[in-house]
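Working notes, beginning with the structure itself.
In the working numbering, the protein residues as written are 0 to 194.
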């Protein structure tokens, strides 16, 4: 399957909770929506990432197809009550493969995840110290805590030599999942490798 068609991705941002107030319809990236407060969102098609601040900065929130009537539906953080910028996520493959590394520069213990969601790295014998990553296929979201909780970090196809490259302030990820864009995926597996 090819790259998600970014021309057909649609998001509607509303000024107030429960889809009230002025609305802005987006079909592409919006670097600064701060002139409008965003209190609720409907993703009509495609996965998106919303950012806490303009310029695609601050905390990240993956928004998949569906309704988000208030801030607590896109985050479990207590500090992000609105969104400042949006962009569509590129989903380049139906297959997913991600390597997580203990140290920056792709060194130390390595965990390979293939076509699977991992609610706890600890349960698979890996620690929470993730300092670099390679997204070989697919698009992923990493979470600071187990069970897909805490700050979110997007991993689109590419290499992330240091945790700052994915917007983190510390090398901590404890769960990861695939961003699927409503595609069918086979059940996957994960493997942990020593050095």
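We put the beta carbon where it would ideally sit given N, CA and C, even for glycine.
Length of the line joining the Cα atoms of residue i and residue j
i           : j           : result
residue 165 : residue 140 : 10 Å
residue 222 : residue 127 : In the structure as shown, the chain begins at 0 and stops at 194. Residue 222 is therefore absent and cannot be evaluated.
residue 114 : residue 20  : 40 Å
residue 44  : residue 86  : 13 Å
residue 130 : residue 158 : 12 Å
residue 96  : residue 73  : 25 Å
residue 30  : residue 68  : 22 Å
residue 176 : residue 104 : 22 Å
residue 120 : residue 54  : 31 Å
residue 65  : residue 18  : 12 Å
residue 70  : residue 35  : 15 Å
residue 156 : residue 32  : 26 Å
residue 42  : residue 22  : 13 Å
residue 123 : residue 171 : 16 Å
Per-residue DSSP class, three states only, for residue i
i           : result
residue 73  : coil
residue 16  : helix
residue 9   : strand
residue 122 : helix
Test item: CB-CB of residue i and residue j under 8 Å
i          : j           : result
residue 90 : residue 137 : yes
residue 59 : residue 117 : no
residue 40 : residue 10  : yes
residue 57 : residue 51  : yes
Cβ distance (whole Å) where residue i is taken to contact residue j below 8 Å
i           : j           : result
residue 38  : residue 15  : 4 Å
residue 125 : residue 108 : 7 Å
residue 195 : residue 82  : With the chain covering only 0 through 194, there is no way to say anything about residue 195.
When the options are compared against residue i, the one with the closest alpha-carbon
i           : options               : result
residue 142 : 157, 168, 135 and 156 : 168
residue 84  : 147, 24, 98 and 105   : 24
residue 8   : 148, 175, 33 and 46   : 46
residue 94  : 145, 146 and 135      : 135
residue 148 : 173, 51 and 97        : 173
residue 162 : 80, 65, 175 and 101   : 101
residue 106 : 92, 146 and 160       : 160
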